Amino acid sequence: MRGLWLVLVVLWLPCAWAETVSEDPRQRQVLEIAEQLRCAVCQNQSVAESQAELALDMRRTIAEQLAAGRSEAEIIAYFRDRYGDFVLMRPPAHGSGAPLWWAPLGLLALAGAGAFFYLRRRIGREGDA
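Sequential numbering of the sequence shown, starting at 202, is according to the numbering used here.
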C-alpha cells in the first residue's frame, strides 16, 4: 500500500507545478488575422505558422494595431497596402489576383472542349468503318 501512495505522489508532483494557460482573446484574434496573411519570406506559410523574423514582426504589428483599436479589415488593408496582394493567403478575384481564380476554370473548360472534340472525331471514325 505504501508503494501505491509513493507512485501516486510521484505522478502528482508534476501537476502541482504545472501552469494553467489562460486563453488570451487578443492573442487568439492575432492568430486569426495572421492565418489570413502570407509570410513574405517563407514559401506558402501563413504568418501564424512561420517562425521567420518577419512573421514575428508582423504578428507583433497585428497585436499593436489591435491594441490601438483597429479592426481586422483595417489591419489586413494595412498589410495589403504595404506588401501588395501577395501577402493575402486568399487573393482577390479581381485585378492581379484574377488569373489565380479564373485559370483553373479556363483550363477545365479547355480540357472539356478537347475531350468533346476528341470523342466526337473518334465516334465519327467508328461510324464510318
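Positions of the beta carbon are idealized from the N, C-alpha and C atoms, including for glycine. Note that the structure is a prediction, hence the values are computed from the model and not measured.
- Distance check between ALA241 and each of ARG260, ARG229, ASP225 places ARG260 closest, using alpha-carbon atoms only.
- In this structure, PHE287 lies away from LEU238, with their beta-carbon atoms at least 8 Å apart.
- Taking the Cα positions, ASP258 is about 13 Å away from LEU232.
- Rounded to the nearest angstrom, the gap between the Cα atoms of ARG271 and PRO215 is 41 Å.
- For the pair TRP302 and GLY325, the Cα-to-Cα distance works out to about 36 Å.
- Residue nearest to LEU255 within the set TYR284, GLN266, GLN228 is TYR284 (criterion: CA-CA distance).
- A direct Cα-Cα distance of roughly 42 Å separates ALA314 from SER251.
- Note: ARG229 is not bridge-paired with any residue in the DSSP secondary-structure output.
- The three-state secondary structure of ARG239, taken from DSSP, is strand.
- With respect to the 8 Å criterion, ARG227 and LEU267 are classified as neighbours on the basis of their beta carbons.
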